[in-house]
Each structure stands twice: as structure tokens, then as C-alpha cells.
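Chemist: Starting off with a structure, shown below.
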Amino acid sequence: MTSPPHRLRRPHIPHAAHEARPGCRSRSLRVHCSSSFRRSRGGRMATVIREVPQGAPGSGGSGDTVGDAARFGVITVSDRASQAVYKDESGPAILQFFKEAIASPWEAHYRLIPDEQPMIEKAIKELVDDVGCCLVVTTGGTGPSVRDVTPEATEAVCDRMMPGYGEQMRAISLRYVPTAVLSRQTAGLRGRSLVMNLPGKPKSIRETIDEVFVSIPTCIQIMDGPYIVTHESVVKAFRPASIVRKEKPAA
16 MTSPPHRLRR
26 PHIPHAAHEA
36 RPGCRSRSLR
46 VHCSSSFRRS
56 RGGRMATVIR
66 EVPQGAPGSG
76 GSGDTVGDAA
86 RFGVITVSDR
96 ASQAVYKDES
106 GPAILQFFKE
116 AIASPWEAHY
126 RLIPDEQPMI
136 EKAIKELVDD
146 VGCCLVVTTG
156 GTGPSVRDVT
166 PEATEAVCDR
176 MMPGYGEQMR
186 AISLRYVPTA
196 VLSRQTAGLR
206 GRSLVMNLPG
216 KPKSIRETID
226 EVFVSIPTCI
236 QIMDGPYIVT
246 HESVVKAFRP
256 ASIVRKEKPA
266 A
């Protein structure tokens, strides 16, 4: 028996995308952005957001070269949000963290898809293999419901797993709610990219990502990814002294 078709309404566009207009400025950011949206019958919506903080150091490969912006993938996994039953607030919460925390140039590729394992796997592979994201974070689909399949999709497309991130996020969330033990969040590596499952609620996302992100720039740098600089007032990235980039003196 098939479910009755849902009437698709216009999906909610993340707040960060509304600010991303060519040539727009704020007090602390010089923003260069190309935003594009597409919607398929499967409930998929995508956009690209690009930001270059004013006076930001360059971001490039091998940890020490100036080059293109670091590319991040953000995937919201939700049946109802992808059908516009309600607006997605989780993906925008992650984008807002990037806006506040990242001091070097970055570019975010956002996806909104339903809880379908093949679609989740495809989105992760596209963002890593085709777009070239060094970090892909998902939100939603990590609980015990039969429709929660994000961890399975993550494991299916990763070469190696990084269980420490899931353990850390559960430990953080347990400070706030005992049901954090129900979370099956995990993380893994696909090639030279880190794929990570975040919680599904904006409040929980911020509680965990503020602490978890401390080690992410080092993880990405060790895999010959871009050198990501953070605003230390928001999150202070930890790096061993041997891999800290030395700024060149002004000529």
C-alpha cells in the first residue's frame, strides 16, 4: 500500500542563504556567494553559500598554501522538512556556526533530503567525490526509529570509521538529557574527507559542535586538507605545535 502523495510547497531557504547576495557586506565579513537551488521529486533541495571573512588568511591544500576556500557539506535528513511540512532549522544552525566560528575562507554546499538511505549515501558521495568537500556534516536520522538510517548510510560510504567523535558527542549530550544514549551518531573518513553525524535539533547541534570542532581542523589538515582557521572567541582549534602554520611577516 502506497502513501498518498504529499503536496510539495516551496522549501524553506536557510537564513544564511538570504544574506548571501553578490557584493553584500557586514561589519566583519566580505561575502562572495553564488547561491543556487534545485528541487527534485525526491524532495531534494540544494544551495551553495560562500564566505570570505574580512582579512582572512588563505585556505589551501597540504596545510600551508593559500588557495581556494575550504568546502563544507551540510546535509539535513528529514522526511517532513524535505516535503516542506515544516522548515529546516537544523541545517541553518550548522551554517550559522560556520559563520561565527570560521575565520578563513569557506564555502558550504547544503542539501535537504528525506530519510532514505540510498539518497543519503548519494549526497555524501557527491559532496566528497564531486564537490570536493573536506568536511561533510549531517543532521537528523540518528535515533532508534526504523526511519533513522543516517549512521548506516555513513558507514556504507566511509573507508574507515572515527568512533571517537560519536562517543564525544554522546558524552556532551548526556550532560543535558539522559536520552542521549539513544543517539547512534558516528563519523568516518571517505578518502581525505571527514563525514560526521550531528544531532537533529539546533540546540543540541550547537552544544556538541562547539566542543567537537576543536579537533576537526587538525583532522582535516593531517589528511592534506585545507588549513582551517577559527575565531578563538568561538572555538579554539587545537593543533600540535609541529603543524601550526607560521604566518609570513609582511614585506
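Using this note's numbering, the first residue of the sequence shown is number 16, and each one after it goes up by one. A virtual CB, placed ideally from N, CA and C, is assigned to each residue, including glycine.
Are the CB atoms of residue 138 and residue 177 nearer to each other than 8 angstroms?
Modeler: Not a contact, by the Cβ cut-off of 8 angstroms.
Chemist: Could you check what DSSP says for residue 100 in three-state terms: helix, strand or coil?
Modeler: Here residue 100 sits in coil by DSSP.
Chemist: Should the stretch 150-169 be called in touch with the stretch 207-214, which here means at least 3 C-beta pairs below 8 angstroms?
Modeler: The answer is yes - the stretch 207-214 touches the stretch 150-169, with three or more Cβ pairs under 8 angstroms.
Chemist: Under 8 angstroms: do the stretch 119-135 and the stretch 96-105 share three or more Cβ pairs, one atom per stretch?
Modeler: Judged by Cβ distances under 8 angstroms, the stretch 119-135 makes contact with the stretch 96-105, as three or more pairs qualify.
Chemist: When the Cβ atoms of the stretch 241-250 are set against those of the stretch 224-231, are three or more pairs found closer than 8 angstroms?
Modeler: Touching, yes.
Chemist: List the endpoints of the continuous beta strand (DSSP E) containing residue 245.
Modeler: Unbroken run through residue 245: none, as it is neither H nor E.
Chemist: Under a three-way DSSP split, which group does residue 68 fall into?
Modeler: Reduced to three states, the DSSP call for residue 68 is strand.
Chemist: For residue 89 versus residue 117, is the C-beta spacing smaller than 8 angstroms?
Modeler: Cβ distance not < 8 angstroms, so residue 89 and residue 117 don't count as in contact.
Chemist: Leaving out the 5 sequence neighbours to the left and right, which residues in its chain are closer than 7 angstroms to residue 180 when beta-carbon positions are compared?
Modeler: These residues qualify, in order along the chain: 202, 211, 227.
Chemist: When burial is assigned at 16 or more other CB atoms within 10 Å of the CB, is residue 191 buried or exposed?
Modeler: Residue 191 is exposed by the Cβ-count criterion.
Chemist: Assuming the contact rule is C-beta atoms closer than 8 angstroms, residue 241 and residue 105 should be a hit. Round their C-beta distance to whole Å, please.
Modeler: That belief does not hold up - the Cβ atoms of residue 241 and residue 105 are roughly 25 angstroms apart, past 8 angstroms.
Chemist: Taking only runs that begin and end inside the stretch 171-222, name each unbroken alpha helix (DSSP H) of 4 or more residues, in chain order.
Modeler: Whole alpha helix (DSSP H) segments, 4+ residues: 178-188.
Chemist: Name the two residues that bound the continuous beta strand (DSSP E) containing residue 88.
Modeler: Counting along the chain, the beta strand (DSSP E) containing residue 88 begins and ends at 85-92.
Chemist: If you reduce the DSSP assignment to three classes, tell me which class residue 157 lands in.
Modeler: Coil at residue 157, not helix or strand.
Chemist: Could you tell me if residue 122 is buried or exposed, where buried requires 16 or more neighbouring beta carbons within 10 angstroms of its beta carbon?
Modeler: That one is buried.
Chemist: Does the beta carbon of residue 239 fall short of 7 angstroms from some heavy atom of the ligand PLP?
Modeler: Of ligands this structure carries none, so the ligand PLP is not represented either.
Chemist: Grab the span of the alpha helix (DSSP H) containing residue 136 for me, first residue to last.
Modeler: Looking at the DSSP string, the run of the alpha helix (DSSP H) that includes residue 136 is 132-140.
Chemist: Thinking just about the alpha-carbon of each residue, which of 85, 199, 107 is nearest to the one in residue 159?
Modeler: For residue 159, the nearest C-alpha among the options comes from 199.
Chemist: Look at the alpha carbon of residue 182 and the alpha carbon of residue 188, and state the distance between them as a whole number of angstroms.
Modeler: The alpha-carbon atoms of residue 182 and residue 188 are separated by roughly 10 angstroms.
Chemist: Rounding to the nearest angstrom, what Cα-Cα distance links residue 46 and residue 236 in this structure?
Modeler: Per-residue confidence for residue 46 stands at a pLDDT of 38, beneath the threshold of 50, marking its modelled position as unreliable; the derived number appears in the next sentence. About 24 angstroms.
Chemist: Between residue 238 and residue 205, is the Cβ-Cβ spacing less than 8 angstroms?
Modeler: Their beta carbons are not under 8 angstroms apart, which means residue 238 does not touch residue 205 by this criterion.
Chemist: For residue 95, name the three-state secondary structure that DSSP assigns.
Modeler: In this structure, residue 95 counts as helix in the three-state DSSP scheme.
Chemist: Between the alpha carbons of residue 244 and residue 124, how many angstroms are there, rounded?
Modeler: C-alpha separation (whole angstroms): 19 angstroms.
Chemist: Evaluate residue 258 with the Cβ neighbour count: other Cβ atoms within 10 Å of its Cβ, from every protein chain shown; 16 or more gives buried, anything less gives exposed.
Modeler: Looking at its Cβ environment, which holds fewer than 16 other Cβ atoms inside 10 Å, residue 258 is exposed.
Chemist: How should residue 144 be labelled, buried or exposed, when 16 other C-beta atoms within 10 angstroms of its C-beta is the threshold for buried?
Modeler: Exposed, by the Cβ-count rule.
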